[in-house]
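Please read the structure below before turning to the comments.
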Amino acid sequence: MKPPSPERIFAADIGRYFYSRPGRPDLSRKIRYYAHVTRYFVLEPGFRAIYFYRVNNRIVRNKIRFIGPFFRFMGSALTGIRISPYADIGSGLFIPNAQCIVIGYGVEIGKNVTIYQGVTIGIVPGKKRDERTTPIIGDNVMLGAGSKILGPVSIGDNSIIGANAVVVRDVPANSVATGVPAEVSGTVKVPYPQQLEDSG
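For the sequence shown, this note's numbering begins at 198 and goes up steadily by one.
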């Protein structure tokens, strides 16, 4: 199956901002759609960070190296968020509160993932699993404020990682994981993106 185009991926990111918050915007006219996108870009550092990541990732994939450093600098300077252009992040990324987020080189993140402030996703020096050093995060996952996802761990689809949890072991799908180190403490009945939409 052909992968979605960069435009479709970013459109899914935009959709998370439209439908994951109270007071959904009126999108009945195209001019209103673009007005809301512009407002998100100006007022939402998380939205800006996603935009710059998508541009940087496309630059890397197309090997246009001479402008890559400029966009990486702009993305970090204007948002306080560092997302490696070499991370592989699915569509529908949502960053509601954008402060001190780091997503490292080679991290794999699925679709419709929600990341709150203070999250770090990256390697543990010297720790490998089958030559892999970075985390793999499934679809519809929520990473709570201050959580850390470290080393070659996997987080299954629909899981929720609690605030300040430190994940150093695999988390099965549909699990709530909390604590330091994180342990499974519950089960997810409704995926987090659906919870946000239902509360909108």
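We put the CB at the ideal spot given by N, CA and C, even for glycine.
Between ILE333 and SER344, the C-beta spacing is not below 8 Å. Looking at the DSSP output, THR235 shares a beta bridge with no other residue. Listed in chain order, the non-local C-beta contacts of PHE270 below 6 Å within the same chain number zero, local neighbours out to five positions each way being set aside. Of the candidates TYR302, ILE320, GLY341 and THR331, GLY341 places its Cα closest to the Cα of VAL310. Residue ranges of uninterrupted beta strand (DSSP E) with 3 or more members, entirely inside the stretch 312-394 and ordered along the chain, are 317-319, 345-347, 372-375 and 380-384. Under the Cβ criterion (8 Å, minimum of three pairs), the stretch 276-293 does not count as touching the stretch 230-237. Ranked by Cα distance from GLY287, the options SER356, GLU380 and PRO203 are led by PRO203. Taking every protein chain shown into account, the CB of PRO390 has 16 or more other CB atoms within 10 angstroms, so this residue is buried. Boundaries for ILE261: no alpha helix (DSSP H) harbours it, and the DSSP string shows neither H nor E there. The C-beta distance from ASP367 to VAL350 rounds to 5 Å, short enough to meet the 8 Å contact threshold.
Within 10 angstroms of the beta-carbon of THR384 lie fewer than 16 other beta-carbons, which makes it exposed. Pairing GLY376 with SER356, the inter-Cα distance amounts to about 15 Å. Checking the DSSP bridge columns, you'll see VAL299 partnered with ARG279 and THR317.
Taking all protein chains shown into account, ALA274 has fewer than 16 neighbouring C-beta atoms within 10 Å of its C-beta and is therefore exposed.
In this structure, the CA atom of VAL381 is about 45 Å from the CA atom of ARG226.
Following the DSSP letters along the chain, one finds ALA209 inside the alpha helix (DSSP H) bounded by residues 203-216.
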